[in-house]
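Sequence lines, in order, name chains D and E. Offset between the first sequence (1-based) and this note's numbering: plus 1. Offset between the second sequence (1-based) and this note's numbering: plus 7.
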Amino acid sequence: MDHEFAVEARHTIKTFGRGASAVNALDDVSIGIRKGEFFTLLGPSGCGKTTLLRCVAGFETPTSGTILLSGQDITSTPPNQRRVNTVFQSYALFPHLTVAGNVGFGLQMLGKSKLEVNETVARVLALVQLEDLADRLPAQLSGGQQQRVALARALAPAPEVLLLDEPLSALDLKLRKAMQIELKRLQTETGITFVFVTHDQEEALTMSDRIGVMSGGKLLQVGTPRDIYDRPVNRFVADFIGETNFLPAKVVPGGVCLKTGDVLSVPTGDRAGEVAVAVRPEQIGLTSAGGGTLDATVVEATYFGTDTHVHLQLSDGSLLVARVPSAQAIQPAKGDVLGLRLDTSAMQVLAP
Amino acid sequence: MSRAPRSRGANGWLLSAPALILLLIAANGPLLIIAVYSFLEPGDYSGVRWIFSGDAWFRILFHRDIFDGTVSLADANLSIFWRSIKLSLITTLITFAFGLPTAWFIATRPAKQRAIWLFLITIPFWTNLLIRTFAIMEVIRNQGLLNTALMNMGLITEPIQILYTDTAVLIGMTYVYLPLMVLPLFAAIDRFDFRLIEAGYDLYGSRLKVLRSVILPIIKPGIIAGCILVFTPSLGAYVTPRVLGGGKNMMIGNFIELQFGQGQNWPLGAALSLILLLSVLVALTIYAAVSRREKPS
């Protein structure tokens, strides 16, 4: 029987501590991660994303709920019997084994023949471009090389699912960018389901097929990077992913009314009363005063090369940021009054 | 100007002279005397006669019949060596078997508790050896704590003879040398990165395989250090086999003492002491060789 989901969590709750000090690291999380997908669990530290990953790996047992691997209940299966491998944040390479020894470890534990181990190790090391370092010890490698060894070690036994616990967080920016592309390539080449944990929203947006945003032990939203960026379900998601301006407003017939008195005709869905209107900085265009939806005063303009970040103040005192191309006709300067062109179809009306 | 460094050098020698003299006279001097004595003839009642003789070294391994002069292996000596090595090896194994879980337990306690547990492990170590040995005697003798308890419980009708057996010596040595095993093991486990265990499980290792392929190889320097720290004094143990072994189950230490006392053969005692020293050096060389192999340049 073919299952759509490589990994599934059903109503998973994980509580740490007891009594009054008990904390729900996972608060009724249900999620389905599809086969062959690059899935990212995104959230701030302490949101429960690593706990969920550890429940899938088998290092934590959920307090209640079920974890399934290809449709099979593995909630109480020990980690060494799950066809799941982890790339640890600290890499956790075996210091007494060479690169080849580390990469071959899983295959050896599975009882593969020496020939098969050697062949697979050579193939996987080639995949991560470390053939020349097979006989080195981990201590003799750079951080980036150790990272690749950790990756090769987890890939070598060809797991059904590869779990990656913030594997790039210890690398410098340039190396991190290179590894992002590398990881995506490896995932496409091997076809293995990747479950990637990160707190870096940019990393999540660029690499993932789908993203699950978590906060406070709850799964807030699951969707493609575009879904999550364009249609955040709440203020937290809108704020955590990308930059967003929130304007307090009230739902009126035909749209929302800002504190300034201006009415914007945006779809409000079934929301009523007090709301927050989310506007991405790049969705704001500048024009001459009176020429836009509403007017604002320039507080500050910061030049960033291709973009200029313009800090604006509305007549009610609320602040917002616009990101406009530096090459446009209007050059905003401090104190200028400008008109704002708002793309009302891209704006989101969220709970305040 | 150019004289300053030279005079400083001379001062350096002068300042380190007390330490050097102490090292030469107090540490290596007696050793030299032992080495010289081992090549002399025994005196009539004690001491030595200043006549060169290799007899002491010969008598360690061989026995010359006093009537017909035939040479045979000195079975009595060999059995003492064998017992010493055997009991020391078993002591090392038992202390390791008890020491590893103990050290693991301590190393996995919260940082605040560790000092207390380590203190508890080392308290006996600061207590007089003779008192501890007699305490064990009190526990295992026929009318002692253990036998009385077992008889009162009705588990046995006759007391078990433990005192004055090899078992008694083993119990005593295990008790005395356990801290020497626990401390280096603790130091090694304390440095151990426990996340590696998760990595081992994650890569399909069972508990036993992770222990064998990950934990033991990484804490190996601690294991070797502990084994040498236990094996070395066990081999030369004197008080424990004397008190708990009852004098008839001798180990090398008692045998050496015998030569300087009742046996009145100082050269043989000196030669035996050097043999003991040599075995320790061999053990240390093995340790150095193994730990060098662990850290390739």
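Each residue gets a CB set at the ideal place from its N, CA and C atoms; glycine is no exception.
Residues of chain E whose Cβ lies closer than 8 angstroms to the Cβ of Pro158 of chain D are, in chain order, Leu210 and Tyr211.
Contact with chain E is found for Ser91 of chain D, since one of that chain's Cβ atoms lies less than 9 angstroms from the residue's Cβ. For the pair Val299 of chain D and Gly336 of chain D, the CB atoms are nearer than the 9 angstroms cut-off.
By the Cβ neighbour-count rule, Asp82 of chain E is exposed, with fewer than 16 other Cβ atoms within 10 Å of its own. Closer than 7 angstroms at the C-beta level to chain E, one finds these residues of the segment 87-111 of chain D: Thr87, Phe89, Ser91, Ala93, Phe95, Pro96, His97, Phe106, Gly107, Met110 and Leu111. Beta-carbon to beta-carbon, Val278 of chain D and Leu265 of chain D are separated by about 7 angstroms, close enough to satisfy the 8 angstroms threshold. Using beta-carbon distances, Glu264 of chain E does not count as an interface residue toward chain D, since no partner is under 9 angstroms. Using beta-carbon distances, Ala206 of chain E counts as an interface residue toward chain D, with a partner under 9 angstroms. The continuous beta strand (DSSP E) containing Tyr304 of chain D extends over residues Leu295 to Tyr304. Taking a 10 Å sphere around the C-beta of Ser31 of chain D, we find fewer than 16 other C-beta atoms and assign the residue as exposed. Straight across, the Cα-Cα distance linking Thr172 of chain E with Phe262 of chain E is about 17 angstroms.
With a 10 Å radius around the Cβ and a threshold of 16 neighbouring Cβ atoms, Thr115 of chain E comes out exposed. When C-alpha distances from Ile293 of chain E are compared across E:Ile67, E:Ile231, E:Ala17 and E:Val55, the shortest belongs to E:Ile231. Listed in chain order, the alpha helix (DSSP H) runs fully inside the segment 68-92 of chain E amount to none, counting runs of at least 4 residues. Three or more beta-carbon pairs drawn from the segment 227-243 of chain E and the segment 187-199 of chain E are found closer than 8 angstroms, and the two stretches are therefore classed as touching. By the neighbour-count criterion, in which 16 or more other beta carbons inside 10 Å mark a residue as buried, Asn154 of chain E falls on the buried side. With a cut-off of 8 angstroms on Cβ pairs, the segment 75-84 of chain D is not in contact with the segment 190-205 of chain D, counting fewer than three such pairs. Burial state of Trp273 of chain E is buried, judged by a 10 Å Cβ sphere holding 16 or more other Cβ atoms.
Within chain E, the residues placing a beta-carbon under 7 angstroms from that of Ala58 of chain D are Asp209, ordered along the chain.
The residue among D:Val257, D:Lys219, D:Gln73 and D:Val129 with its C-alpha nearest the C-alpha of Gln349 of chain D is D:Val257. Residues are counted here when their Cβ sits less than 9 angstroms from a Cβ of chain D; for the segment 214-247 of chain E these are Arg214, Lys216, Val217, Ser220, Val221, Pro224, Ile225 and Lys227, given in chain order.
CA-to-CA, the gap between Met180 of chain D and Ile101 of chain E works out to about 50 angstroms. Exclusion of the five residues before and after Leu187 of chain E leaves Leu236 and Val237 as the residues of its chain whose Cβ lies within less than 6 angstroms of its Cβ.
With contacts defined as CB atoms closer than 9 angstroms, Asn84 of chain E and Leu68 of chain E qualify as a contacting pair. Under a 10 Å Cβ-count criterion, Thr134 of chain E is classified as exposed, with fewer than 16 other Cβ atoms of the shown protein chains found around its own Cβ. The residue from E:Leu203, E:Pro228 and E:Ala290 with its alpha-carbon nearest to that of Leu218 of chain E is E:Leu203. Per DSSP, reduced to three states, the secondary structure at Leu98 of chain D is coil, with no helix or strand assignment. In the three-state reduction of the DSSP assignment, Ile75 of chain D falls in the coil class, being assigned neither a helical nor a strand state. Counting the other Cβ atoms within 10 Å of the Cβ of Ser79 of chain E gives fewer than 16, which makes it exposed. Listed in chain order, the beta strand (DSSP E) runs fully inside the segment 214-238 of chain D are 219-224, counting runs of at least 3 residues. In the structure shown, Gly336 of chain D falls within a coil segment according to DSSP collapsed to helix, strand and coil. Chain order gives the chain E residues near Pro80 of chain D as Tyr208 and Asp209, where near means a beta carbon separation below 7 angstroms. Less than 9 angstroms separates the beta-carbon of Gly213 of chain D from that of Thr41 of chain D. In this structure, the straight-line span from the alpha carbon of Ala244 of chain E to that of Arg124 of chain D is close to 56 angstroms. Interface criterion not met: the Cβ of Arg227 of chain D is under 9 angstroms from no Cβ in chain E. Interface flag for Ala26 of chain D against chain E is unset, since no Cβ pair is found closer than 9 angstroms.
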